[in-house]
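These notes are about the structure you will find just below.
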Amino acid sequence: MKKTTIKDVARRSGMSIATVSQILNQRGHFTQSTINKVNIATKELGYVPDKNAKQLRKGSAVTITVVLPNLTNPFFSSLVQSMQQYLETSGYDNIDLTFQTSAFNRLDETINNLINRGIDGLIITEPLPNPIHTHELLTLHHIPYVVTDRNADSNLTDSVSTNEFSGGELAAQHLKILGHRKVGLITPSYISPSIGHRIDGFMSLWPSTGDMQPRQFYTEFSMNGGKQIAREIAKSDVTGIFTLNDEVAIGLIRGLSDLSLSVPENLSIIGFDDIDYANYTVPTLTTVAQPISEIGSASLSLLIQRLINNSTSDVIPQIQRLTFNNKLVARESTKVSNH
Ligand code: RIB
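Letter by letter, the sequence shown follows residues 1 to 339 in full-length UniProt numbering.
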C-alpha cells in the first residue's frame, strides 16, 4: 500500500505543501475556506502526519518498542540485551528502546495501546493474530515495524529469521549420528510458524510411520513444562529427545533428576537456542545455537533504516528478509546410544 504523504494532501486540496504543513501544525493565518479544504483532503485521504519524519530531523526522542512473549526466558532477555548494545554502539542517541511483553491472545490490544502512547517503531517477535489488519493500522499511523523470531514468516514487512528447518535437521542428524533409533520431540500446545518449521526439519530425517517414527510429547513451552513431562518420557522407550528450546531441556533434566535418572546416561537431550545457561547446567546442554545477538542487532538496524527512510523519502523501500544459519553445539547432554 502506497503511503499517503503531505504531497498528496497538497495536490488534493489545491494548496502548497507549505500551506498544508502550517495548517496541520496549527501555525500561520489562513482563511477558513483554505483550512477547510486542507482538513477535508486530509480526512478523505486518511493522511496521518508523519511524526517520525519530524522527530528524526529534529533529533528529538524516537521511541522503539520491542514486543515479546516474555522476558523470563533468557532467549528473549539476550535478544533485548543485544538490541540495547547495538543502540549504544551505533550512536543513535535520540532513540529510546522500550520492551513490552504480551500474551499472544492480547497482541492486538497491546499494539493498539502502543500506537495510542505514540511509539515511533515496533519490533514484533510473536505471530500476529490479524497480520493484515495490524499492517494497515501501523501503516496508517506511519509506524514502521520489523518482525522476527516467532513472527518472522510475514511477507508484509522486513523480517529477520533463522533457518528453522535446517536447525531441526541439525538436531535430528546429531541424534542419528549417535545411533539413537527411538527418539522423541517435546512439543508446545501452540505451535508458531517458526517452531513449526523447526519441527518439520527434525521430522524430515525420520520415518513418518513405524517403530522409528519420533514420538511426540506435549507440554508447556517452559522449564516447568520440561519438568512436568519427565515422568511420561521416562516411562517411554525413547533414548534421545529434542526439546525445541533450551528452557524445556533444563526443566527436563531437573525432572529426570527428581526421578533419580540422569542425562545423558538414561536419556540424551538436545535443546535449541544456546542460551547462556546451556553452558552452566549439569550436564552442559547440547543444543542448536541461534545467533541471538545478530538477530537482535539486525532487527533493530532494519527498523532504524525504515525510520530514516520515512523521514527523508516518499519512496517505500523494498521489503528485506534476512535469514541467519543455526549451528550445532555438542556438549554433555547427548551421548552414543547403548540400544
Ligand atoms: O526459547 C524461546 C524460543 O522461542 C526460542 O527458540 C525462540 O526461537 C522462540 O521462538
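From the three backbone atoms N, C-alpha and C, an ideal C-beta is built for every residue, glycine too.
Spatial distance of residue i from residue j (CA atoms)
i	j	result
G121	L114	10 Å
T139	S262	53 Å
M83	S297	5 Å
A10	A41	8 Å
P214	P69	28 Å
E232	N266	14 Å
D276	F75	8 Å
H339	H180	8 Å
S257	I186	18 Å
E88	L300	12 Å
A278	L79	16 Å
G167	T65	28 Å
I269	Y190	22 Å
I195	D8	43 Å
T63	D96	5 Å
P144	I295	18 Å
N245	I23	54 Å
I111	V67	9 Å
D200	F165	6 Å
S125	N310	The sequence as given places Thr at residue 125; Ser does not occur at that position. Roughly 22 Å separates the two Cα atoms.
R291	D273	Inspection of the sequence shows that residue 291 is occupied by Pro rather than by Arg. About 8 Å.
L259	I229	12 Å
V160	F324	8 Å
F221	P188	5 Å
N130	S337	45 Å
Contact test: residue i Cβ vs the ligand RIB heavy atom, cutoff 7 Å
i	result
E247	yes
N73	yes
F104	no
Q290	yes
F165	no
S194	yes
D273	yes
D149	yes
CB contact check: residue i to chain C, cutoff 8 Å
i	result
T19	This model lacks chain C altogether, as it is built from one protein chain only.
Nearest neighbour of residue i, chosen from the options [CA to CA]
i	options	result
M15	G28, T4, V38	V38
G46	T5, T65, T19, D108	T5
residue 390	L303, N326, R331	Residue 390 lies beyond the residue range present for the chain, which begins at 1 and ends at 339; the question has no answer from this structure.
T334	S102, F30, I177	I177
Y92	T209, I308, M212, V329	I308
F99	Q81, N105, E109	Q81
S60	N94, Y218, V48, Q32	N94
Q305	Q85, M212, I123	I123
K327	T287, V336, S293	T287
T281	A289, G271, G255, I250	I250
S208	S192, G184, P193	G184
L128	G240, I17, A103	A103
- Task: Go through the segment 296-335 residue by residue and report every complete run of the alpha helix (DSSP H) that reaches 4 residues or more, in order.
- Result: none
- Secondary structure, beta strand (DSSP E): runs of 3+ residues fully inside the segment 175-245: DSSP runs (the beta strand (DSSP E)) wholly in the segment 175-245: 183-187, 215-218, 240-242.
- Length-filtered (3 minimum) beta strand (DSSP E) runs lying within the segment 252-282: 268-273
- Continuous beta strand (DSSP E) assignments of at least 3 residues falling wholly in the segment 33-109: Runs of the beta strand (DSSP E) inside the segment 33-109: 62-68, 95-101.
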